[in-house]
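Enquirer:
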Amino acid sequence: MVDSDERRRRFLKLSGALGVAGLTGLAGCSSGGGSGDDAAANIGMVYATGGLGDGSFNDQAQAGIQQAAEDFDIAYEESQPETNSEFQPTQRQYAQSGNYDLVSCIGYAQADALSTNAAAFPDQDWVIVDSVVDEPNVASYGFREHEGSFLVGYMAGMLTTRDFSAGAGSTSADTKTVGFVGGTETPLIQKFQAGFEAGVNHHDDSIEVVTSYVGSFNDPAAGQEQARSMYDSGADIVYHASGATGVGVFRAAQDMGKFAIGVDKDQSITQASFADVILASMVKRVDTAVYTAVESVVNDNFAGGEQTTFGLSDDGVEAVYGDQLGSQIPEDVKSTVADAREQIIAGDITVPSKPQ
Amino acid sequence: MSKFRKALERLVDASAKERIAVSAAALALSILVGAAVVFVSGIVATCASPAFSVLGVGVCYDPINVFTELFLGALGHPEQGGWSPTNYRVAIALQQTTLLVFTGLAVAVSFRAGLFNIGVQGQLVFGALAAAVATIWAGAIAPSGVLGTVFLVPLGLLAGAVAGGLYGALPGALKAYGGANEVITTIMLNFIASNVAYVLVSSFLMPESSQLVQTAVIPAAAKIPNVPVIGFEARDAFSLVALVGALAFITGVAYLLAKTSFGYDIRTSGLQEQAAAYSGVDAKRTTVLSMALSGALAGVGGAVWVLMVKGRFLTGLPSLGFDGITVSILAGNNPIGVGAAAFLFGVLKSGTIAVDFSTDVPVELVDVLRGLIILFVAMPEFFRLIGKRYLGLGGEQRA
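So the sequences go chain by chain: A and B. Be aware that the first sequence starts at 1, since it is given in my numbering, and climbs by one per residue. Be aware that the second sequence starts at 1001, since it is given in my numbering, and climbs by one per residue.
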């Protein structure tokens, strides 16, 4: 750090002699922090399919880069591939141009494409969220989604076994069923399911958890259909981990007068029209991951090749109660959930990351 | 009506030179209209720093810049210095061209037989899946290196052709022997194909730790190899060998349609079914076989997608099959024209990525521009088709 500063100062003095025009010409060629703009760093963002405006995963990632842009003097450029096969050329755009200090790949679906690109562009720094790419120029960030899912599952378990109503939804003590809607049936989304089930059963293991995978993170109609049949079969509360598909789950909850649980962002705020049925959201701080990675680039201590996992203890995942319904959830439920959180952090409760 | 009829007649009887002139004029017109759309959107949109301002009104998007990127950016800016014809943007354009040649040909063959195969996407999916499964399975017994490539690549293509062909023959048989409308059946079979593929892969073919619904990686030897010395890199996911193969398919299909007796059967049934039957064409057999051929071409396209681009099968394939319909219509269902239309599509695809990357124009707006260009260029051909088919105008079918 000191070294490079000193070098830069000497370089500046030297080029000062060559005149201002010469300076800008040379500075333009120097690599490192300088991009075409005057920004401290230039960041590329490649979002997951489903795109911005999902009120969930991608929007949470964008919140991170926006916060970073506010705090540090950086510039950024965004891309929203529509299918999994577009990741490779999209990532490559950034690497090929050579103008980006860091390219953030949001979502596990980009891992394969990134393995290829990271090896093909060894001088480009990358970050991947939700997956691990084992290359020296890639920083990998993951989350303990099962821990946060356990907490919302525990809450759902307590509420489905009693009569409770708030906003536009209600539960009945007669039916002991809750539901889970996932995007695709893959190890990462199964972590949400596993944690949720464990949480529900932690309260009462006779509660039935119906699960369904839609096969897409961008199919609200299918999400609505799946959730509707769950509510029809007696589920009081449905938790989703399915990106934009989850909007359909909320709609079904509203149609049927039942509850839903959001994911990734506080969805009672991002999907405010459904705030009267969203009990809580399992927030996953994708924004923290993006922000941390950008910060490390700005501070010149980017840790390529390292893996970081955020959990409950560092607020990487957390259960937040709905903006509108949170105050109506009984205090005893909330305090029991808070206790469970402490127990997980202390290691007294072990949450499985694979469905039983 | 008579005015419209006259205009149609004029279009149908246009010579090749005139048709090229019409296409060029349509292209120019579409750019003008597109530029106006970009300009107006630029006034409506809000942005931090306008590209330029007119009469004190800031305009966010620069239409000239957008179209420069769309066409020249698509090829990596040949007008600027230091350009090489093997840069990666050219690779993307040619990669898309190669894939669209197959789906375009698939649609063209069915169209020439008077059948509308909307199921090319489904046939492509099964072709791709079959190619992946076959090469992974045979990879265990195949030799490695060049010998393996010589064995595995043709095997993958063959598997794709067989799977796509069978899946295309199915709606053909339903039409020939059950009278089922092939437009409806092929549309439905698209959904069946993608969902069956999803279930097959997620239940039986997915590697344990995979986060995506996909098969294992195909053996390295099964990848369509690059030509040594010529500078497309392995990471470009494009191979000149495949493009040359696609051109060979164009020639083959053109020859088949023009010179063989099966091609004669296809063309006559497409033009006038009763007359074809009268002249001894077995209509049922021709229906099934031309749908099978169409499906086989789509299947090969899917195989090329696996063997050249992805190196494995994964769900959520790009909509190459549906784009093939437009490619074929743009080409007037002429196999040679399919090559040119596929190249236009490839350039537009690569250009869309370039515009998205280099300008602030939202990608949806680029899709509008792309649509405008295709619409304008395809319209004269479309009216020619209508004119020929439903008004009984013009002479014999021009190749």
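Glycine included, every Cβ here is placed at the ideal spot set by N, Cα and C.
For the segment 90-106 of chain A, list every residue whose C-beta sits within 9 Å of some C-beta in chain B, in sequence order.
Expert: Of all residues in the segment 90-106 of chain A, Thr90, Arg92, Gln93, Tyr94, Gln96, Ser97 have a Cβ within less than 9 Å of some Cβ in chain B.
Enquirer: Would you mind working out which of B:Gly1302, B:Ile1020, B:Lys1223 sits nearest B:Val1146, comparing C-alpha positions?
Expert: When only C-alpha atoms are compared, the closest one is B:Lys1223.
Enquirer: Helix, strand or coil for A:Met230? Go by DSSP, reduced to three states.
Expert: Note: A:Met230 maps to helix in three-state DSSP.
Enquirer: Is the Cβ of A:Ala120 closer than 8 Å to any Cβ of chain B?
Expert: Yes, contact with chain B.
Enquirer: Three-state secondary structure (DSSP) at B:Ser1239?
Expert: Coil, per DSSP.
Enquirer: Does A:Gln67 come out as helix, strand or coil in the three-state DSSP assignment?
Expert: Helix at A:Gln67.
Enquirer: Find out if the Cβ-Cβ distance for the pair B:Tyr1088, A:Arg92 is shorter than 8 Å.
Expert: Yes, the pair counts as a contact, with Cβ atoms nearer than the cut-off.
Enquirer: Residues of chain B with a CB under 7 Å from the CB of A:Asn84: which are they?
Expert: Chain B residues near A:Asn84: Leu1212, Leu1314, Gly1316.
Enquirer: For chain A, check one thing: does any of its Cβ atoms lie closer than 8 Å to the Cβ of B:Ile1118?
Expert: Chain A, which has no Cβ nearer than 8 Å to the Cβ of B:Ile1118, makes this no.
Enquirer: Would you tell me roughly how many angstroms separate the C-alpha atoms of A:Gly25 and A:Ser97, rounded to the nearest one?
Expert: Any reading at A:Gly25 is ruled out, since the residue's pLDDT is 34, under 50, leaving its predicted position unreliable.
Enquirer: What residues from chain B crowd round A:Thr308, counting only those whose CB sits closer than 7 Å?
Expert: In chain order: nothing, as chain B lies at least about 18 Å away.
Enquirer: If we define contact as Cβ-Cβ less than 8 Å, is B:Phe1357 a contact residue for chain A?
Expert: Taking Cβ atoms only, chain A reaches closer than 8 Å to B:Phe1357, which makes this a yes.
Enquirer: Does the beta-carbon distance from B:Val1377 to B:Ser1015 come in below 8 Å?
Expert: Their beta carbons are not under 8 Å apart, which means B:Val1377 does not touch B:Ser1015 by this criterion.
Enquirer: Would B:Ser1202 count as contacting chain A if we go by Cβ distances under 8 Å?
Expert: True, the Cβ-Cβ gap to chain A drops below 8 Å.
Enquirer: Check whether the Cβ of B:Ser1209 lies closer than 8 Å to any Cβ atom in chain A.
Expert: Answer yes: the Cβ-Cβ gap between B:Ser1209 and chain A drops below 8 Å somewhere.
Enquirer: Are any of the Cβ atoms in chain A nearer than 8 Å to that of B:Ala1026?
Expert: Not an interface residue.
Enquirer: Nearest to B:Gln1211 by alpha carbon, out of A:Gly179, A:Asp236, A:Asp130?
Expert: The shortest Cα separation from B:Gln1211 among A:Gly179, A:Asp236, A:Asp130 belongs to A:Asp130.
Enquirer: Using a cut-off of 9 Å between C-beta atoms, extract the partners of B:Tyr1061 located in chain A.
Expert: Those within 9 Å of B:Tyr1061 in chain A number zero; the least Cβ separation is about 16 Å.
Enquirer: Between which residues of its own chain and A:Ala293 is the CB-CB distance below 8 Å, once the five residues before and five after are set aside?
Expert: Cβ within range, chain order: Leu102, Ser104, Val127, Ala139, Tyr141, Phe302.
Enquirer: Could one say the Cβ of A:Thr184 lies closer than 8 Å to chain B's Cβ atoms, at least one of them?
Expert: For A:Thr184, the answer is yes, since a Cβ of chain B falls inside 8 Å of its Cβ.
Enquirer: Residues of chain D with CB under 9 Å from A:Tyr47, in chain order?
Expert: The structure shown has no chain D; the protein chains it does contain are A and B.
Enquirer: On the three-state DSSP scale, how would you describe A:Phe143?
Expert: The answer is strand: DSSP assigns A:Phe143 an E or B state.
Enquirer: Hey, is A:Gly215's beta-carbon within less than 8 Å of any beta-carbon in chain B?
Expert: Chain B contact via Cβ: present.
Enquirer: With a threshold of 8 Å between beta-carbons, can A:Arg7 be considered close to chain B, or not?
Expert: Because the pLDDT at A:Arg7 is just 46, under 50, the model does not fix this residue reliably, and the value given afterwards should be weighed accordingly. It does not: the Cβ of A:Arg7 has no partner Cβ on chain B nearer than 8 Å.
Enquirer: Measuring only the C-alpha atoms, how far is B:Asn1117 from A:Pro81?
Expert: Distance between the alpha carbons of B:Asn1117 and A:Pro81: 28 Å.
Enquirer: Just how far apart, CA to CA, sit B:Ala1138 and B:Ala1128?
Expert: Each residue's alpha carbon lies about 15 Å from the other.
Enquirer: Quick one: residues in its chain with C-beta nearer than 8 Å to the C-beta of A:Gln343, no 5 flanking neighbours on either side, listed in chain order?
Expert: Hits under 8 Å: Ile349.
Enquirer: Please tell me whether A:Gly183 and A:Phe217 are closer than 8 Å, where the distance is taken between their beta carbons.
Expert: Closer than 8 Å, so yes.
Enquirer: Starting from the N-terminal side, write out each stretch of the alpha helix (DSSP H) that is 4 residues or longer and does not extend beyond the segment 218-262 of chain A.
Expert: The segment 218-262 of chain A contains these whole alpha helix (DSSP H) runs: 220-232, 246-256.
Enquirer: From A:Gln88, A:Ser313, A:Met230, A:Gln307, pick the residue whose C-alpha is nearest to that of A:Thr177; which is it?
Expert: It is A:Met230 whose Cα lies nearest to the Cα of A:Thr177.
Enquirer: Nearest chain B C-beta to A:Gly25 closer than 8 Å, yes or no?
Expert: The predicted position of A:Gly25 is uncertain, since its pLDDT is 34 and thus under 50; no value can be drawn from it.
Enquirer: Looking at chain A, is there any beta carbon in it that lies within less than 8 Å of the beta carbon of B:Tyr1198?
Expert: True, the Cβ-Cβ gap to chain A drops below 8 Å.
Enquirer: Between which two residues does the beta strand (DSSP E) carrying B:Trp1137 extend?
Expert: B:Trp1137 -> not in any beta strand (DSSP E); alpha helix (DSSP H) instead, spanning 1120-1139.
Enquirer: Answer yes or no: does any C-beta atom of chain B fall closer than 8 Å to that of A:Met1?
Expert: Reliability of the predicted coordinates at A:Met1 is poor, the pLDDT of 41 falling under 50, and the value obtained from them is presented with this limitation in mind. No, no contact with chain B.
Enquirer: From B:Ala1048, B:Thr1097, B:Ala1113, B:His1077, pick the residue whose C-alpha is nearest to that of B:Gly1263; which is it?
Expert: For B:Gly1263, the nearest C-alpha among the options comes from B:Ala1113.
Enquirer: In angstroms with no decimal places, state the Cα-to-Cα distance between A:Asp59 and A:Gly50.
Expert: Distance between the alpha carbons of A:Asp59 and A:Gly50 is about 10 Å.
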